[in-house]
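Trainee: Per my numbering, the sequence shown starts with residue 218, numbered consecutively. The beta carbon of each residue, even a glycine, is placed where N, CA and C say it ideally should be.
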Amino acid sequence: MATHTQLLYHFVFSTKHREPTIIPDQKKRLFAYLHQLLTNKNCHLYRINGVEDHLHILTHVHPTLSISSLIKDIKLAADDFIKRESIFPKFKGWQDGYGAFSESIKEKDRLINYIKNQEEHHRKISFREEYKALLKEHEIEFDEKYLL
218 MATHTQLLYH FVFSTKHREP TIIPDQKKRL FAYLHQLLTN KNCHLYRING
268 VEDHLHILTH VHPTLSISSL IKDIKLAADD FIKRESIFPK FKGWQDGYGA
318 FSESIKEKDR LINYIKNQEE HHRKISFREE YKALLKEHEI EFDEKYLL
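(1) Have a look at the DSSP bridge pairing and note the partners of Arg-264.
(2) DSSP state of Leu-225, grouped into three classes?
(3) So for Ala-249, helix, strand or coil by DSSP?
(4) My parser needs the alpha helix (DSSP H) runs of 4 or more residues fully inside the segment 278-330; what are they?
(5) Between the C-alpha atoms of Glu-361 and Arg-345, what's the straight-line distance to the nearest angstrom?
(6) Thinking C-beta only, is Tyr-250 closer than 8 Å to Phe-308?
(7) Using only alpha-carbon positions, find the residue among His-234, Thr-256, Gln-223, Lys-244 that is nearest to Tyr-304.
(8) Can you grab the Cα-Cα spacing for the pair Arg-264 / Met-218, in whole Å?
(9) For Leu-247 and Glu-358, what's the separation of their Cα atoms in angstroms?
(10) Can you give me the Cβ contacts of Asp-270 inside the same chain, cut-off strictly under 8 Å, excluding the 5 residues immediately before and after it?
(11) Measure the beta-carbon distance from His-419 to Leu-351 and round it to whole angstroms, keeping in mind my assumption that it falls under 8 Å.
(12) Enumerate in chain order the residues of its own chain whose CB-to-CB distance from Phe-318 is below 7 Å, with the five nearest sequence positions on each side excluded.
(13) Can Gln-335 and Gly-267 be called in contact, C-beta distance under 8 Å?
(14) Have a look at Asp-290 and Gln-253 and give me their C-alpha separation to the nearest angstrom.
(15) What does Thr-232 pair with, by DSSP beta-bridge criteria?
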């Protein structure tokens, strides 16, 4: 029997100390690099975007990959690319943690639009508020003191 999967994930992670170090006019270079990385790992990237202090990635995850290893690889590769290309001079790295939310394929278009409109979204809501809402929406318990 063939293997059939639909492993759609919404990843969210922030810069170290949530510092606003991602420069808007340079971020597309990083996104293109991460798109290629995910393609090389047999993942299908649906959307990537972010603002100065965090990124959102909506991707299909290949069934041979673990989520923690994939996010580790994304962060390490992004860190290396940012430093090698000097695109974000004040960038000091990524936060240790991340959010990984399994999503229904039926929500794909809504999530693509949500991620696409991050700049507009964050004129109204902080990253902290957004992240707490995502945790609550996905019924993930959390302790406020660990949300930097």
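Mentor: Walking through what the data contain:
(1) Leu-275
(2) strand
(3) helix
(4) 284-302
(5) 10 Å
(6) no
(7) Residue identity differs from the one stated: residue 304 is Ile in this sequence, not Tyr. Comparing Cα-Cα distances from Ile-304 to each of His-234, Thr-256, Gln-223, Lys-244, the minimum goes to Lys-244.
(8) In this structure, the straight-line span from the alpha carbon of Arg-264 to that of Met-218 is close to 31 Å.
(9) 31 Å
(10) Ser-231, Thr-232, Arg-235, Glu-236, Pro-237, Thr-238, Ile-239, Phe-344
(11) Because residue 419 is not part of the residues shown, which for the chain are 218 to 365, the question remains open.
(12) Tyr-226, His-227, Leu-351, His-355
(13) Closer than 8 Å, so yes.
(14) Note on geometry: alpha-carbon atoms of Asp-290 and Gln-253 lie some 13 Å from one another.
(15) Bridge partners of Thr-232: Trp-311.
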